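The block underneath contains the structure these notes are about, expressed in structure tokens.
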Amino acid sequence: MKVQDHAQAAAQFIKDEERTDWHDETLWFVRKKRDLAAHGIPEWEQLREWASQIKDHTLSNLSHYLESFEQKATANGIRVHWAADGEEHNRIVHQIIADHDLKRIVKSKSMLTEECHLNEYLIQKGISVVDTDLGERIVQLRKEAPSHIVLPAIHLKKQDVSDTFHDFLDTEKGNNDPQYLTEAARQHLRDYFIASELAITGVNFAIAETGGFVVCTNEGNADMGAHTANVHIACMGIEKIIPKAEHLGVFLRLLARSATGQPVTTYSSHFHRPREGQEMHLVIVDNGRTRQLGRADFRNSLKCIRCAACFNTCPVYRRSGGHSYHTAVAGPIGSILNPNLDMKANADLPFASTLCGSCSNVCPVKIDIHEQLYKWRQVIVQAGYAPVSKKLGMEGMAAVLSSPALYHFSGKMGRTTLKYAPFLVNNGFNPWYKQRDMPAPPAESFGEWYQKNRS
Amino acid sequence: MKVALFIPCYVDQFYPKAAIATLELLEKFGLEVSYPKNQTCCGQPMANSGFEHLTKGCNNLFVQNFLGYDYIVCPSGSCVMHIKDHLHTEENEAAAQDIRTKVYELTEFLVDVLKIEKLEASFPHKVGLHQSCHGQRGLKLSQMTELMAEPFSKPGHLLSMVNGLELVELDRKDECCGFGGTFCVTEEAVSVKMGKDRVLDHERNGAEYITAGDLSCLMHMEGILKRRGSKVKIIHIAEILNHHLS
Ligand code: SF4
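Heads up: the sequence lines are chains A and B, in that order.
Note that the numbering used here has the first sequence beginning at 1, numbered continuously upward.
Note that the numbering used here has the second sequence beginning at 1001, numbered continuously upward.
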């Protein structure tokens, strides 16, 4: 099936206006919680500045910090693997699983494994993995992708979850009580936790100084999985490094407040070494990140700590839903990361924005997201991925606007056409007219008025 | 003080009243204002669509038209931001650079340069102020809700000097209206949904008029209001600031 572009998929989403309103309001509520939490910290803007500078510094010295991290982690007894791309990452994870011949595998949330399509890869090898984050489990049962990096099932309402659980977990039909549904999920997942032999987790921060890493969850599912399993595989992108443990004081304060308005995530678990008898692996993945690092205009997108504040604030995301971005990481940050992974397939994403700039200003690490969206548009057009009709339209427009004579002439024509036959208005403008009227055309332009009245 | 008036193309063509109000307002403060008559457009519609490379003609024209003034004033935050950020020309880059520092959006010119503290204007209506994003976040005409910082608003400050005007509180102070340049047609569904929601916020809170510093946002919202048969009207901020009871 051909993937719909963002505009088409969004139009589909909006057809159910009630659901769109609900989606918009739910996420706006999260944005307001974030505002409230941030207001509680007088030094909020200072924290953002520090976070931004620490990340800038780290990205400029990435190889140094990665090496020292590897050294420390290895000394701690963690086995470190390097993967150039998603394919290699999946191969490494599969190899570890195959070596131990393990069947019971749980995974807590990791956007990196989504990006690499690890689940699909393992299924092809006959291995199934149970996602233990509640939202992720819901979408996994439904064979859907997460629509949000922090709230993976935010596109679903209570009744959708109830239906899903009825189908898969045998809950009462029509019982939409969140408490009841959560309890059912809890019981269902508990079995997997207790029996887990191998746990896969993501990484929020990897600390060069100590060789340890931190995983943040609200459900404690990363811990429950890792504590019972004899093998723990943690997967991280190369940009997750921070130099020192004390920097967590900046990032952990920003992360939860930006993400959900909580002062801190319920569990910020620090892993330093395998416990006795356990094996701990760490897969460090590039997958296009060094290429992005080499793009001067886009490198600082790698500062992202995946808080999703830019999703929640984005008026386009809230009204188009995460699936309309057809990528693992949706939203504004996804729109500047994904063109780096596949420019052609994701050429629509940088255009799925009004460039309002709200994203850049909620971002806890100060990524200039909307400016990068603008720059990606230039890159994509130069690379030849703009539709031909658009190109011709733009060339025509540029010709008119570069010539005062042509401009004055077509202005007159435009206004008269408009006055007598609005539907004749220039074809490119037709979508305007679907749900909007055009302004009533004035008798004369300002230029004409000025000529008569002032000169 | 040599002041030039920069009127965006769609304002020239569709909303001459706002341009006239801008001119009259500046003249009221004793300024001599010229309107370079060969001006067309700042080039933003192309640039924001990824075709910045096609704006050379517009840029050259802009520099020719606006060279040599002390101030260039424009009733659109969006166009001003575009000029400030992207006006370059191979022919005369020094001039382009100079122009980038001299171009002002109308309300910031009134507040920061003329330092207006009093206005002879009256507009006895309930008005909702739409914060156009490029003016607000781009030119920092008002504080944005994303930042944890002191609130201020240059357009709000000016509106507070208008007799009889009552500013309505909005549920979402500074959400984008969804116009977004060519976004309004390429992402028609999202654009209209955003516009509808914005308009409803003003309606719900009792606004008779929606005002803004950018007619592009207002044109989009007006299109939606009209189609829905709403009584709420749009009006550019210059028209309010220049308004008398007759
Ligand atoms: S870009 Fe910024 S706001 Fe968006 S997810 Fe990343 S850190 Fe959070």
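Cβ coordinates follow ideal geometry from the N, Cα and C atoms, glycine included.
Please read all numbers here as calculations on a predicted model, not as lab measurements.
Check                                                                                                                                                                        : Outcome
Once you ignore the five residues that flank A/T313 on each side, which residues in its own chain have a CB closer than 7 Å to its CB?                                       : R31, S358, C359, V362
Give a yes or no on whether the minimum CB-CB distance between A/F423 and chain B is below 8 Å.                                                                              : Unreliable placement is indicated for A/F423, whose pLDDT of 37 sits below 50; no coordinate value is reported for it.
So is A/S389 buried or exposed if we call it buried at 16+ other beta carbons inside 10 Å?                                                                                   : exposed
What did DSSP end up calling B/S1216 once you bin it into helix, strand or coil?                                                                                             : helix
Under 8 Å Cβ to Cβ from A/K240, same chain only, skipping five residues before and after it: list those, please.                                                             : V203, N204, F205, A206, F213
Around the C-beta of A/R454, are 16 or more other C-beta atoms found within 10 angstroms, so that it is buried, or is it exposed?                                            : exposed
Would B/S1160 and B/H1244 qualify as a contact pair, given that the criterion is a beta-carbon distance under 8 Å?                                                           : no
Taking a contact to mean a Cβ-Cβ separation below 8 Å, would you say A/I138 touches A/L27 in this structure?                                                                 : no
At least one CB of chain A closer than 8 Å to the CB of B/Y1104: is that the case?                                                                                           : no
Using the rule of at least 16 other Cβ atoms within 10 Å of the residue's Cβ for burial, across every protein chain shown, is A/W376 buried or exposed?                      : buried
Taking Cβ positions only, does B/I1007 come closer than 8 Å to chain A?                                                                                                      : yes
Would you say the region 1112 to 1129 of chain B touches the region 1143 to 1159 of chain B, given that touching needs at least three Cβ pairs under 8 Å?                    : yes
Using a Cβ-Cβ cutoff of less than 7 Å, which residues in the same chain neighbour A/T210 once the five nearest sequence positions on both sides are dropped?                 : K72, A245, H272
Our contact map puts A/G261 next to A/L36 with C-beta atoms below 8 Å; I'd like the distance itself, whole angstroms only.                                                   : 6 Å
Taking 7 Å as the line, does the beta carbon of A/S52 fall inside it for any heavy atom of the ligand SF4?                                                                   : no
Below 8 Å, how does it come out for the region 1082 to 1092 of chain B and the region 1017 to 1027 of chain B: are there three or more Cβ pairs, yes or no?                  : no
Hey, A/T456 and A/R142 are a contact pair by Cβ (cut 8 Å); roughly how many whole angstroms apart?                                                                           : For residue 456 of chain A there is no data in the structure shown, the boundaries of chain A being 1 and 455.
Run through chain A and tell me which residues come within less than 7 Å of B/K1028, C-beta to C-beta.                                                                       : Those within 7 Å of B/K1028 in chain A number zero; the least Cβ separation is about 15 Å.
Is B/Y1010 helix, strand or coil by DSSP?                                                                                                                                    : helix
Determine, using beta carbons only, whether B/R1100 comes closer than 8 Å to chain A.                                                                                        : no
In its own chain, which residues sit with a C-beta less than 6 Å from the C-beta of B/F1006, not counting the 5 before and 5 after it?                                       : I1072, C1074
Please decide whether A/Y374 counts as near chain D, where near means a Cβ-Cβ distance under 8 Å.                                                                            : Note that chain D does not occur in the displayed structure, where the protein chains are A and B.
Quick one: list the residues of chain B neighbouring A/E395, beta-carbon separation under 7 Å, in chain order.                                                               : L1054
Consider the Cβ of A/S335: report whether some Cβ of chain B lies at a distance smaller than 8 Å.                                                                            : no
Starting from A/Y407, find everything on chain B with Cβ-Cβ shorter than 8 Å and list it in chain order.                                                                     : C1009, T1040, C1041
What are the boundary residues of the alpha helix (DSSP H) that A/K244 is part of?                                                                                           : Neither: A/K244 is in no alpha helix (DSSP H) and is coded neither H nor E.
Out of curiosity, what's the CA-to-CA distance linking A/I97 and A/N218?                                                                                                     : 27 Å
Taking only runs of the alpha helix (DSSP H) that begin and end inside the region 1054 to 1120 of chain B, which ones reach a length of at least 4 residues, in chain order? : 1056 to 1066, 1077 to 1086, 1093 to 1102
Let me confirm a value: A/K55 is counted as buried when at least 16 other C-beta atoms fall within 10 Å, else exposed. Which label applies?                                  : buried
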